[in-house]
Each structure stands twice: as structure tokens, then as C-alpha cells.
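According to numbering that gives the first Met the number 0, numbering within the sequence shown proceeds without interruption in unit steps and concludes at 104. Built from N, CA and C at the ideal position, the CB exists for glycine as well. Data first, discussion second: the structure below is written as C-alpha cells.
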Amino acid sequence: MELLKDLFTVKEKSDYTYILSLASKNHPVFKAHFLGNEMLAGFLQIDIISLLMCHKIISIKKAKFLSLIKPEDVLEFRITSKDNIKYKVLIYKENKKMSEILYEI
Numbered sequence: 000m001e002l003l004k005d006l007f008t009v010k011e012k013s014d015y016t017y018i019l020s021l022a023s024k025n026h027p028v029f030k031a032h033f034l035g036n037e038m039l040a041g042f043l044q045i046d047i048i049s050l051l052m053c054h055k056i057i058s059i060k061k062a063k064f065l066s067l068i069k070p071e072d073v074l075e076f077r078i079t080s081k082d083n084i085k086y087k088v089l090i091y092k093e094n095k096k097m098s099e100i101l102y103e104i
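Below you can see the structure in the form of C-alpha cells.
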């Protein structure tokens, strides 16, 4: 996943929680989305989850992108699963829900 190279740094992690900080707006990902109003595209949020969890995502059941995620944001990924097949990921910034993604592996 070359797009993700140097895109984020994991600051803390536990079993199902990751805190990471995003790169500056100079990262190539942010230059593509969107010059002057840089943001993290939804598909990249899903790619980050896949990378963090070492999952090959088979299907996305739900994806809600509620607020813009900007360069240098510090994000908390909260991940839950009842059966180790279906996962729910809530992405927060400063205790505000930014995205919600449900997927299956």
C-alpha cells in the first residue's frame, strides 16, 4: 500500500484501539484530495484500518464519513467485533465521531 507510506504514525495502541497522527499536507495523499482543502479520503480510512488490523476486507457493510479529516489530525480508531468476522470501526478526533465503518473479513 504505497499510498499509505509515511501517511500516519501510530502513537498508542491496545488490542482494539489505535491512536495515530496524520502526516502534514505535504504528503502526496493530501495533494490529491483537495488542493487548498486537504482531507483524508474515505477509501484511505478503510485502507488504514486494513493495515492496522492486518485484515483483508471482503466487504464494506456501511461507511459513514461524518466530518472532514485533515492533515496532522490525531485520530482514535476504536474497533469492535463480536465474532472476528464482522467489525465496527469508529474514528474519533477529540472525542467527536468522524467516521463509522462496518466491514467483514
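Rounded to whole angstroms, the gap between the alpha carbons of Lys-12 and Leu-21 is 15 Å. Two segments are said to touch when three or more pairs of C-beta atoms, one from each, lie closer than 8 Å; by this definition the region 79-92 touches the region 37-54. Just so you know, the alpha carbons of Glu-103 and Asn-36 end up roughly 32 Å apart. Asp-5 and Leu-101 have their C-alpha atoms roughly 25 Å apart. Per the coordinates, the alpha-carbon of Asn-94 lies some 24 Å from the alpha-carbon of His-32.
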